[in-house]
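Here the sequence shown is numbered in this note's numbering, starting from 5 and rising by one per residue.
For every residue, glycine included, the Cβ atom is placed at its ideal position computed from N, Cα and C.
Nothing here was measured: the structure is a model prediction, and the numbers come from that model.
First comes the structure, then the notes that go with it.
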Amino acid sequence: MRLRALLETDALGLRLLGGQDELDRTVRGVMTTDLRDPSRYLSGGELVLTGLAWRRTPEDSEPFVRLLAGAGVAGLAAGEAELGAIPDDLVGACARHRLPLFAVHETVAFASITEYVVRQVSGERAGDLAAVVDRHRRLMTSGPAGGGPEVVLDLLGTDLDMRAWVLSPTGRRIAGAGEPLSTGAGAALAAEHLAATRGGRRAPHRVALGGTTYSLFPVRVPGHAASPGGQAGELRERALSDWLLAVEADAGEWGAPRLDLLQGVTQLIAVERDRRDAARTVRRRLAQEILELVQSGAPPAEIAARLRVAAPVLLPGRGAAPHWQIVVARVDWDGEGEPGSVAQSLLEEILVDPVAAGLESGDRIAVAHTGGEAIALVPMPAPDPTEDEDGDGDGDGEGTEAAGPGGLQADVLLAAVRDPLTAGLADDGRLTLGVSAPVRSAEGLRGALEEARHARRVAAARPGRVCAAGHHELASHVLLLPFVPDDVRRAFTARLLDPLRDYDRRHRAELVPTLEAFLDCDGSWTRCAARLHLHVNTLRYRVGRIEQLTGRDLSRLEDKLDFFLALRMS
5 MRLRALLETD
15 ALGLRLLGGQ
25 DELDRTVRGV
35 MTTDLRDPSR
45 YLSGGELVLT
55 GLAWRRTPED
65 SEPFVRLLAG
75 AGVAGLAAGE
85 AELGAIPDDL
95 VGACARHRLP
105 LFAVHETVAF
115 ASITEYVVRQ
125 VSGERAGDLA
135 AVVDRHRRLM
145 TSGPAGGGPE
155 VVLDLLGTDL
165 DMRAWVLSPT
175 GRRIAGAGEP
185 LSTGAGAALA
195 AEHLAATRGG
205 RRAPHRVALG
215 GTTYSLFPVR
225 VPGHAASPGG
235 QAGELRERAL
245 SDWLLAVEAD
255 AGEWGAPRLD
265 LLQGVTQLIA
275 VERDRRDAAR
285 TVRRRLAQEI
295 LELVQSGAPP
305 AEIAARLRVA
315 APVLLPGRGA
325 APHWQIVVAR
335 VDWDGEGEPG
345 SVAQSLLEEI
355 LVDPVAAGLE
365 SGDRIAVAHT
375 GGEAIALVPM
385 PAPDPTEDED
395 GDGDGDGEGT
405 EAAGPGGLQA
415 DVLLAAVRDP
425 LTAGLADDGR
435 LTLGVSAPVR
445 SAEGLRGALE
455 EARHARRVAA
465 ARPGRVCAAG
475 HHELASHVLL
485 LPFVPDDVRR
495 AFTARLLDPL
505 RDYDRRHRAE
515 LVPTLEAFLD
525 CDGSWTRCAA
535 RLHLHVNTLR
545 YRVGRIEQLT
555 GRDLSRLEDK
565 LDFFLALRMS
């Protein structure tokens, strides 16, 4: 705004005492002070309001005005309440330094002037930024990216004093100007955003986190395909794949122009998201081609040749393809026969290092989607060539063997994203994920794919909305339990455990907890009695009662194993 606008507003009641020729100066802010030297708090362009408490003698006016003029303020408004009139020495000092001077009537509060200036300046800044955003939008849609989201977020920071970040659905930082979010804040904001979206609340979502209020806006790319579930399914899958814009401000205090501006910013960021998705399509196609070769039983030499062709895209700047690992993910929705297609974009996000910022962090991830499953072909760092990979000292490890204990770990993959994804899946979705061991060559990919699929089925048998299992879990008897039919489970556990449960209900004997503790202690009478705080003779009585009711002998390995499996399946 211009200084001239202050005189044109009757409600402010300002009188111009000098500086008629300087009224076209731009006002960029307002500051109230009675310090003798306020220069350290001035950045230029302010309208300074003062009650003249700093003035003790006429000689004080000259240095005060000189400091203001040196700081580049737009003008000075002095209140008449303290002295009754503006002293001539102040009027003269302002004239010598060409500083416009206004008199503020004693009935006018400085707060009224401050509110008016802030409202006008903010509105004009928003208009200026909107024009910049509009130009940038045209630039991005018709030519090069022009700097991407970082440029727009930097404009928000410099022009509107707003800190903002673009976050992935899991809370990973895609872009942001200035200081990064605190540890865990991104995931917490993403979880709040997903919960609000799945709950049907209208954006922007306002969230208080660590004493700071954030406003969350979805970044939606138009034209995304609908899911098999129709409109409702499309909305919930879109919620899990959309980016979000987090602004460190309370949108509840904004007017319509500023809300419209932020909506325009999200549309601008969506353009960059669309570009990124187009580039990702190439990697998806490569993964699909390799997956089809693996599933069709193509010769390893043909698969290896295709991997060599894909390496420059999947591994920019690196030479030969390293070892590979396969990850399988699936999203199922309650009441639907077919799984959701959002698993592909979710798996791409899960496989990115949660602390890796930027648009390029997923450039080495290729994910296909087939049969309701998202299948990722993940390149792994090649091991040190001086080390013997198969551990027998002769250096002749076969390509079908795992590349060692390293690589992706199922539980680690989900550690940073479990909370936001659980919020996004709400009470009707499940994400299950399986991870294979690393393999050294094309010969091992088919086995790795089956291994990852088996691990995912193990994860699907567990409770919870977000579950994962790794290859190391496939070497346990526990692997067999998820694949036992439900009717067989019920019959087996009922035959062994129902007599004990009935007895416990009638006599409060705690036979089932005693059985669990006895097996956990590997049949040790002393350790089990100590754990249950029982005398050994009491423990022997309970175990004898268990054997009597079930017709089993807990000194026999076969009967111990049957009881163990029944407890695990119950």
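For the segment 515-565, which segments carrying the alpha helix (DSSP H) assignment without a break, of at least 4 residues, lie completely within its bounds, in sequence order?
-> Correct list: 515-524, 529-536, 540-554.
Selected residue, minimal CA-CA separation from Q267, among F221, V286, T217, R466 = Here the question's residue 267 lines up with position 263 in the sequence shown. Of the candidates F221, V286, T217, R466, the residue whose Cα lies closest to the Cα of Q267 is F221.
At what residue ranges does the segment 248-327 contain a whole run of the alpha helix (DSSP H), taking only runs of 4 or more?
-> Listed in chain order, the complete alpha helix (DSSP H) runs (minimum 4 residues) inside the segment 248-327 are 260-299, 304-318.
Within the same chain, show all residues whose beta-carbon is closer than 6 angstroms to that of A333, passing over the 5 residues directly before and after it, in chain order.
-> Reading the sequence shown from its first residue, position 329 is the one you call residue 333. Counting only Cβ-Cβ distances below 6 angstroms, and skipping sequence neighbours, we find A347, L351, A378, L437.
Decide if the segment 424-435 is in contact with the segment 197-207; the criterion is three or more beta carbon pairs, one per stretch, under 8 angstroms apart.
-> Yes, they touch.
Indicate whether G49 and T30 have their beta-carbon atoms separated by less than 8 angstroms.
-> To locate residue 49, count along the sequence shown from 1; it is residue 45. To locate residue 30, count along the sequence shown from 1; it is residue 26. Yes, these two residues count as a Cβ contact at 8 angstroms.
What whole-angstrom Cβ distance do L381 and I330 have, given they're in contact under 8 angstroms?
-> Stepping through the sequence shown from its first residue, residue 381 is reached at position 377. Stepping through the sequence shown from its first residue, residue 330 is reached at position 326. At roughly 6 angstroms, the Cβ-Cβ gap stays under 8 angstroms, so L381 and I330 are in contact.
Considering only the beta carbon of each residue, do A472 and A464 sit closer than 8 angstroms?
-> Start at 1 with the first residue of the sequence shown, and residue 472 comes out as number 468. Start at 1 with the first residue of the sequence shown, and residue 464 comes out as number 460. Inclusion of A472 and A464 in the CB contact set at 8 angstroms is not warranted, their separation being larger than that value.
G548 burial status per 10 Å Cβ neighbour count (16 or more: buried) | Mapped onto the sequence shown, residue 548 falls at position 544. Residue environment for G548: exposed (fewer than 16 other C-beta atoms within 10 angstroms of its C-beta).
Buried or exposed for H327, please, with buried defined as at least 16 other CB atoms from any protein chain shown within 10 angstroms of its CB.
-> Counting from 1 along the sequence shown, the entry for residue 327 is found at position 323. Buried, by the Cβ-count rule.
Where do the N-terminal and C-terminal ends of the beta strand (DSSP E) with H373 fall, by residue?
-> Taking the first residue of the sequence shown as 1, we reach residue 373 at position 369. If you look at H373, you'll find it in the beta strand (DSSP E) that goes 370-374.
Rounded separation between I117 and A192 - CA only = As a first step, residue 117 must be located in the sequence shown, where it is residue number 113. As a first step, residue 192 must be located in the sequence shown, where it is residue number 188. One C-alpha to the other measures close to 39 angstroms.
Sheet register partners of F496 (DSSP bridge) | For the purposes of this step, residue 496 is taken as residue 492 along the sequence shown, with counting starting at 1. DSSP lists no partner for F496.
Where does L272 land, buried or exposed, given buried means 16+ other C-beta within 10 angstroms?
-> On the sequence shown, residue 272 is found 268 positions in, with the first residue counted as 1. Counting the other CB atoms within 10 Å of its CB gives L272 a total of 16 or more, which places it among the buried residues.
Between which two residues does the alpha helix (DSSP H) carrying A199 extend?
-> Locating residue 199 in the sequence shown gives position 195, counting from the first residue. It spans 189-202 - the alpha helix (DSSP H) in which A199 sits, taken as one unbroken run.
Alpha carbon to alpha carbon, how far is V421 from R240?
-> For the purposes of this step, residue 421 is identified with residue 417 of the sequence shown, where counting begins at 1. For the purposes of this step, residue 240 is identified with residue 236 of the sequence shown, where counting begins at 1. V421 and R240: Cα-Cα distance of roughly 17 angstroms.
Buried or exposed: R205, going by 16 or more other Cβ atoms within 10 Å of its Cβ?
-> Here residue 205 corresponds to residue number 201 of the sequence shown, with the count starting at 1. With fewer than 16 other Cβ atoms within 10 Å, it is exposed.
Could you check where the beta strand (DSSP E) with L435 kicks off and where it finishes?
-> What you label residue 435 is simply residue 431 of the sequence shown in a count that begins at 1. For L435, the enclosing beta strand (DSSP E) covers residues 433-439.
Buried or exposed by the 16-neighbour rule on C-beta atoms within 10 Å, applied to R572 = Position 568 of the sequence shown holds residue 572. With fewer than 16 Cβ atoms within 10 Å of its Cβ, R572 is classed as exposed.
Three-state secondary structure (DSSP) at P424?
-> For this step, residue 424 is matched to residue 420 along the sequence shown. Three-state result, P424: helix.
Could you tell me whether the segment 102-113 touches the segment 7-21, using the rule of 3 or more Cβ pairs below 8 angstroms?
-> Enough Cβ pairs lie closer than 8 angstroms, so yes.
Between the beta-carbon of L171 and the beta-carbon of A194, is there less than 8 angstroms?
-> Indexing the sequence shown from 1 puts residue 171 at position 167. Indexing the sequence shown from 1 puts residue 194 at position 190. Taking 8 angstroms as the Cβ cut-off, L171 and A194 qualify as a contacting pair.
Best match in T270, D423, A99 for proximity to R224 [C-alpha to C-alpha] = As a working note, residue 224 is residue 220 in the sequence shown. Taking only the C-alpha atoms, the option nearest R224 is T270.
If you draw a straight line from the C-alpha of D502 to the C-alpha of E252, how long is it?
-> Counting from 1 along the sequence shown, the entry for residue 502 is found at position 498. Counting from 1 along the sequence shown, the entry for residue 252 is found at position 248. CA-CA distance, D502 to E252, rounds to 58 angstroms.
DSSP beta-bridge partners for I379?
-> Translated into the one-based positions of the sequence shown, residue 379 becomes position 375. BP columns for I379 point to V332, A372.
Return the Cβ separation of L103 and G79 in integer angstroms, given the expectation that the two are a contact with Cβ distance under 8 angstroms.
-> As a working mapping, residue 103 is identified with position 99 in the sequence shown. As a working mapping, residue 79 is identified with position 75 in the sequence shown. At roughly 7 angstroms, the Cβ-Cβ gap stays under 8 angstroms, so L103 and G79 are in contact.
Pull up the DSSP beta-bridge partners for A212, would you.
-> Position 208 of the sequence shown, counted from the first residue, corresponds to residue 212. The partner list for A212 (beta bridge, DSSP) reads T217.
Simplified DSSP state of A113, which is helix, strand or coil | Within the sequence shown, residue 113 is the residue found at index 109, counting from 1. In the displayed model, A113 falls within coil according to three-state DSSP, outside both helix and strand.
Go to V77, then tell me how far its beta strand (DSSP E) extends in each direction, as first and last residue.
-> In the sequence shown, residue 77 corresponds to position 73, counting from 1. Counting along the chain, V77 sits inside no beta strand (DSSP E), nor does DSSP assign it H or E at all.
Assign A472 to one of three DSSP states: helix, strand, or coil.
-> The residue you call residue 472 lines up with position 468 of the sequence shown. Strand.
Closest to L297 by CA distance: which of A282, V156, T530, A372 is it?
-> One-based indexing of the sequence shown puts residue 297 at position 293. Considering only A282, V156, T530, A372, the residue with the shortest C-alpha distance to L297 is A372.
Going by the beta-carbon positions, is the gap between E455 and S445 smaller than 8 angstroms?
-> Here residue 455 is taken as the residue at index 451 of the sequence shown, counted from 1. Here residue 445 is taken as the residue at index 441 of the sequence shown, counted from 1. Not a contact, by the Cβ cut-off of 8 angstroms.
Between Y655 and S186, what straight-line distance do the alpha-carbon atoms span, to the nearest angstrom?
-> For the chain, the structure presents residues 5 to 574; residue 655 sits outside this window and is missing.
Which residues mark the beginning and the end of the alpha helix (DSSP H) in which I178 is found?
-> What you label residue 178 is simply residue 174 of the sequence shown in a count that begins at 1. Going by DSSP, I178 is part of no alpha helix (DSSP H) but of the beta strand (DSSP E) stretching over 177-180.
Quick one: Cα of L515 to Cα of H458, how far?
-> What you label residue 515 is simply residue 511 of the sequence shown in a count that begins at 1. What you label residue 458 is simply residue 454 of the sequence shown in a count that begins at 1. About 35 angstroms.
Kindly indicate the opening and closing residues of the beta strand (DSSP E) around L21.
-> If you number the sequence shown from 1, residue 21 lands on position 17. From DSSP, the beta strand (DSSP E) with L21 extends over 18-22.
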